[in-house]
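The structure under discussion appears below in the form of structure tokens.
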Ligand SMILES: C[S@@+](CC[C@H](N)C(=O)[O-])C[C@H]1O[C@@H](n2cnc3c(N)ncnc32)[C@H](O)[C@@H]1O
Ligand SMILES: Nc1nc2[nH]cc(C(=O)O)c2c(=O)[nH]1
Ligand code: SF4
Ligand SMILES: [Mg+2]
């Protein structure tokens with residue numbers, strides 16, 4: 001079993017050396033994905049990731065991480081300035097590569113916020129998380145040389161090796177209320193999803209219901225979603241899994257800060 005000391009230096013090229021958290025953006029929007037879609041929420045996006053999905057819609061947190069190191073106090077203050085919001089979504093990049101994410105979640109919990117953590121499911125940390133929104137990465141996410149948005153496939157092997165960590169994934173599922181939210185590119189992803197869901201069910205004591213499994217169409221623009229959403233909706237019906245829209249993309253396309 002991984003313990004806290006095993007994950008102090010996660011497998012990532014991200015800069016984890018500053019004080020506080022590297023923050024790419026903080027913004028107020030509607031939760032666009034998953035079972036809480038439509039809920040007004042403040043988003044905190046950390047920078048840096050241990051994976052490199054070719055389709056990553058947050059390029060400046062993964063392929064070319066940018067952001068400013070900020071202390072937890074200043075992040076909490078900015079969250080509180082959005083007085084209407086009772087929900088906070090901690091995302092990235094991969095927010096759980098940063099130990100300080102735990103401190104932020106503790107502060108938000110003490111302040112009475114509902115917290116969702118958007119995570120790729122490869123790192124478990126002990127923190128007050130109300131909803132673990134896990135998006136395990138499928139083979140179709142791997143940045144092959146043909147699909148690499150930046151280089152020539154230099155990340156292919158590392159991404160492929162690190163994208164599933166069954167120990168971490170099972171611990172998250174066992175410790176937190178969970179949704180498993182898969183990015184679907186086409187129907188060839190489904191055998192891998194059903195197999196992974198079976199393996200999670202075998203490895204955990206928790207009941208993972210079919211409607212805890214969400215299929216989300218791949219696409220960072222409306223135009224791209226026009227090519228995937230109908231097929232993914234049909235697949236959700238066929239397999240008995242839940243469909244999740246990308247409400248923010250439907251509403252605001254790929255506008256920054258949404
Ligand atoms: C940018 S990621 C950050 C959190 C974490 N690294 C993860 O992957 O879950 C936030 C969410 O966007 C999803 N996502 C990223 N790019 C996407 C795309 N092109 N189409 C659909 N979903 C995408 C991820 O799978 C994840 O559910
Ligand atoms: N509105 C909105 N909802 C989201 N849900 C998860 C997001 C993410 O990037 O993690 C996201 C996002 O970027 N915007
Ligand atoms: S795991 Fe999340 S943040 Fe990292 S590259 Fe994939 S989609 Fe982007
Ligand atoms: Mg997003």
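In UniProt numbering, the protein residues as written are 1 to 258. Note that CB positions come from ideal geometry on N, CA and C, so glycine has one too.
Would you call residue 162 buried or exposed, if buried means 16 or more other Cβ atoms sit within 10 Å of its Cβ? Against the chain shown, residue 162 aligns to sequence position 162. It is buried - the Cβ of residue 162 has at least 16 other Cβ atoms within 10 Å.
Quick one: what's residue 178 bridged to in DSSP? What you label residue 178 is simply residue 178 of the chain shown in a count that begins at 1. Beta-bridge pairing by DSSP links residue 178 to 132.
Going straight from the alpha carbon of residue 7 to that of residue 96, what length do you get? For the purposes of this step, residue 7 is taken as the residue at position 7 of the chain shown. For the purposes of this step, residue 96 is taken as the residue at position 96 of the chain shown. Note that residue 7 scores a pLDDT of 34, beneath 50, so its modelled location is shaky and nothing firm can be said.
So residue 185 and residue 218 are supposed to be a Cβ contact under 8 Å. How far apart are they, rounded? Position 185 of the chain shown, counted from the start, is the residue given in the question as residue 185. Position 218 of the chain shown, counted from the start, is the residue given in the question as residue 218. The Cβ separation is near 5 Å, so the contact holds.
Pick out whichever of 214, 158, 125 and 43 has its Cα sitting closest to the Cα of residue 174. Within the chain shown, residue 174 is the residue found at index 174, counting from 1. Ranked by how close their Cα comes to the Cα of residue 174, the residues 214, 158, 125 and 43 have 125 in first place.
Whole-angstrom distance between residue 135 and residue 210, CA atom to CA atom: Translated into positions along the chain shown, residue 210 becomes position 210. Translated into positions along the chain shown, residue 135 becomes position 135. Computed Cα separation, rounded: 15 Å.
Reduced DSSP category for residue 47 - H, G, I as helix; E, B as strand; rest coil: Counting from one through the chain shown, the residue named residue 47 turns up at place 47. Coil, per DSSP.
Distance between residue 165 and residue 254 (C-alpha atoms, nearest Å): Working through the chain shown from its first residue, we reach residue 254 at position 254. Working through the chain shown from its first residue, we reach residue 165 at position 165. Distance between residue 254 and residue 165, taken at the CA atoms: about 30 Å.
To the nearest whole angstrom, what separates the beta carbons of residue 109 and residue 116, a pair I think is in contact under 8 Å? Residue mapping note: residue 109 aligns to position 109 of the chain shown, counting from 1. Residue mapping note: residue 116 aligns to position 116 of the chain shown, counting from 1. The beta carbons of residue 109 and residue 116 sit about 12 Å from each other, so the pair does not count as a contact at 8 Å.
In this structure, does DSSP put residue 23 in helix, strand or coil? Locating residue 23 in the chain shown gives position 23, counting from the first residue. Reduced to three states, the DSSP call for residue 23 is strand.
Rounded to a whole number of angstroms, what is the C-alpha to C-alpha distance between residue 62 and residue 24? Sequence index remark: in the chain shown, residue 62 carries index 62 (1-based). Sequence index remark: in the chain shown, residue 24 carries index 24 (1-based). In a straight line, the C-alpha of residue 62 is about 11 Å away from that of residue 24.
Less than 7 Å separating the beta-carbons of residue 244 and residue 34? As a position in the chain shown, residue 244 is number 244, starting the count at 1. As a position in the chain shown, residue 34 is number 34, starting the count at 1. A distance below 7 Å separates the beta carbons of residue 244 and residue 34.
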